[in-house]
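Visitor: Take a look at this one; I'll ask things after.
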Amino acid sequence: TFKRIGTHIMKDSNFLKEHNGRLMWHPMTSPKDSADAPPTIITGADGVSITDIDGHRVVDGVGGLWNVNLGYSCQPVKDAIAQQLDILPYYSTFRGTTNDVSIELSYELSKFFAPDGLSRAFFTSGGSDSVETSLRLARQYHKLRGEAGRTKFLSLKKGYHGTHIGGASVNGNANFRTAYEPLLPGCFHIPAPYTYRNPFNETDPEALAQLCLQALEDEIAFQGAGTIAAMIMEPILGAGGVIPPHPSFAPAVQDICNRHGILLITDEVITAYGRTGAWSGARLWGIQPDMMATAKAITNGYFPFGAVMMGQRMLDVFEDNPNAKIGHGYTYSGHPVGAAAALACLAETQRLNVPQNAAARGTQLYEGCRALMEKYDIIGDVRGGYGLMTAMEMVSDRATKKPIDAATAQTVQEVAYQNGAMVRVSGPNLILSPPLILSETDATTILTALDAGFAAA
Ligand code: PMP
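Following this line, the structure appears as structure tokens:
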């Protein structure tokens with residue numbers, strides 16, 4: 007089983023298995039764990055399915071990492087990448103030069119995000135970069151306006167905002183923080199509207215939203231509004247376990263931020279481009295953020311790329327201002343191959359009207375998961391209901407909500423895989439985020455595989 011890729015001949019599968027997990031340090035796991043329990047080696051993909059080194063082919067219930075919205079066989083995106091590599095494989099957008107494709111992309115994005123009140127793009131190389139860009143520009147915004155004291159950031163507990171120092175500082179999950187402290191000073195976390203577990207023991211989503219909003223108001227009063235630069239928030243919390251807030255929540259956060267002169271950044275690295283069944287998380291909740299951090303599906307996972315979109319407040323302060331020099335940017339900001347991929351993705355995303363299918367298949371998966379919850383006590387909570395973002399929180403005891411042990415959660419995942427679907431276990435949560443082009447049959451395959459997984463646990 008030798009494969010030729012360009013001039014490189016890939017080693018056979020025994021070689022790859024022998025070295026699996028040892029020479030590469032993997033994100034989000036320990037080198038020892040990946041050496042002891044080597045990761046599944048994925049060697050191919052087509053449609054919404056992935057194939058491993060042993061030829062086992064399964065539906066990808068994870069959609070890469072919430073990013074392969076259009077599946078693995080999206081020919082227009084592949085063609086765009088291949089053609090752009092021939093025409094212009096790289097040129098920078100730093101001061102003095104730019105490239106034609108990134109101009110065209112900024113034009114298309116400004117049309118796409120017009121309903122969100124966003125009209126300018128700052129390009130990045132991925133989600134963590136997009137978060138970092140928005141945090142840095144939020145501070146600069148206030149300095150340019152003469153409010154240099156506004157440096158702090160607010161965010162939600164359970165939120166995930168990538169792993170750069172700024173993003174890790176606003177993250178609301180200790181797993182991504184403690185080992186890397188001290189983080190950025192001046193970051194404060196508000197309770198998330200997480201109905202299943204919250205410090206208020208409130209089970210009604212609307213009442214809980216109100217309590218979290220009050221906590222936000224209290225924190226602003228405690229810190230002093232004049233010290234806070236921005237609030238960053240996922241419209242639906244993703245990696246923290248798919249936590250959709252009550253619909254009253256996001257608009258009220260926007261009101262509070264507006265009242266206190268605090269910028270609102272929506273972290274839409276997962277939610278932009280259709281995943282929630284709306285074109286963006288902002289549109290889902292009817293809000294208009296000052297900045298929106300996007301990445302992932304912007305290139306369908308085929309090229310590392312991201313964009314931060316800017317609202318009117320940012321334009322008012324940064325444009326026509328000779329002092330507003332942006333001392334920030336990446337070698338790959340506006341990368342022509344990424345921009346070409348993004349242009350093709352945006353066109354396909356709109357042509358296929360992916361939010362519509364995301365909503366329909368999302369309902370099917372969500373209801374299927376709720377039916378599994380009737381059957382298996384190990385499922386303590388099912389969350390989702392907005393497009394193709396669903397999580398099942400696993401417990402070892404429903405009454406006490408004691409989280410599941412890692413080995414049992416792993417069994418569910420492994421048996422589901424043997425039965426035809428890749429699903430993702432993250433802590434106690436089993437997360438589903440398949441491609442948005444999923445068919446009804448594919449969704450059924452995922453549910454049947456999960457059924458087998460839970461039966462074995
Ligand atoms: N923000 C959110 C909401 C995310 O889900 C992620 C990635 N899962 C990031 C930021 C970081 O993106 P990346 O991994 O591309 O740096």
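Under UniProt numbering, residues 7 to 463 are what the sequence shown spells out, in order.
Don't be surprised by glycine CBs; every beta carbon is placed ideally from N, CA and C.
For clarity, every value in this text was computed on a predicted model and none was experimentally measured.
1) Which same chain residues end up closer than 8 Å to residue 211 when comparing Cβ atoms and leaving out the 5 residues on each side of it in sequence?
2) Is residue 180 helix, strand or coil by DSSP?
3) On the DSSP bridge list, what partners appear for residue 389?
4) Run through the DSSP bridge pairs and tell me what residue 299 is partnered with.
5) When the Cα of residue 491 is compared with those of 316, 404, 322, 368, which residue comes out closest?
6) Is any heavy atom of ligand 1 found at a distance shorter than 7 Å from the C-beta of residue 347?
7) Spatial neighbours of residue 205 within its chain, please: C-beta separation below 6 Å, excluding the five flanking residues on both sides.
8) Do the segment 78-95 and the segment 348-358 meet, that is, are 3 or more Cβ pairs less than 8 Å apart?
9) Closest Cβ-Cβ distance between residue 234 and chain C: below 8 Å?
10) Kindly confirm or deny that the segment 433-453 and the segment 360-379 touch, where touching means at least three C-beta pairs closer than 8 Å.
11) What I want to know is whether the C-beta of residue 32 ends up closer than 7 Å to one or more non-hydrogen atoms of ligand 1.
12) Use the C-beta contact count for residue 187: other C-beta atoms within 10 angstroms, 16 or more gives buried, fewer gives exposed.
13) Ligand 1 and residue 167: does the residue's C-beta get closer than 7 Å to at least one heavy atom of that ligand?
14) Hey, how far is the Cα of residue 344 from the Cα of residue 29?
15) Let me know the secondary structure DSSP gives residue 16 once reduced to three states.
16) Is residue 72 buried or exposed, if buried means 16 or more other CB atoms sit within 10 Å of its CB?
17) With a threshold of 16 other CB atoms inside 10 Å of the CB of residue 43, please say whether the residue is buried or exposed.
18) Does the beta-carbon of residue 240, which I'm using as the reference point, lie nearer than 7 Å to any heavy atom of ligand 1?
19) Please classify residue 61 as buried or exposed, where buried requires at least 16 neighbouring CB atoms within 10 angstroms.
20) Ignore the nearest five residues each way along the sequence and tell me which others in residue 330's own chain have a CB closer than 8 Å to its CB.
21) What are the start and end residues of each continuous beta strand (DSSP E) run of 3 or more residues lying completely inside the segment 10-69, in chain order?
22) Between the Cα of residue 168 and those of 308, 162, 366, 134, spot the shortest distance and give me the residue it belongs to.
23) Who are residue 161's beta bridge partners in DSSP?
24) May I ask you to report which of helix, strand or coil DSSP gives residue 140?
25) Nearest to residue 190 by alpha carbon, out of 203, 176, 180?
26) Does the segment 148-166 touch the segment 230-240, meaning 3 or more C-beta pairs lie closer than 8 Å?
27) Which residue comes first and which comes last in the alpha helix (DSSP H) that contains residue 289?
28) Can you have a look at residue 21 and say buried or exposed, based on whether 16 or more other CB atoms are within 10 angstroms of its CB?
Guide: This is what the structure holds:
1) 199, 201, 251, 252
2) helix
3) 397
4) 273, 314
5) The displayed coordinates of the chain run from 7 to 463. Any statement about residue 491 would go beyond what the structure contains.
6) no
7) 197
8) yes
9) Among the chains in the structure shown there is no chain C, since it carries only a single protein chain.
10) yes
11) no
12) exposed
13) yes
14) 29 Å
15) strand
16) buried
17) exposed
18) yes
19) exposed
20) 146, 150, 323, 324
21) 14-16, 48-52, 55-58, 63-66
22) 134
23) 195
24) helix
25) 176
26) yes
27) 287-291
28) exposed
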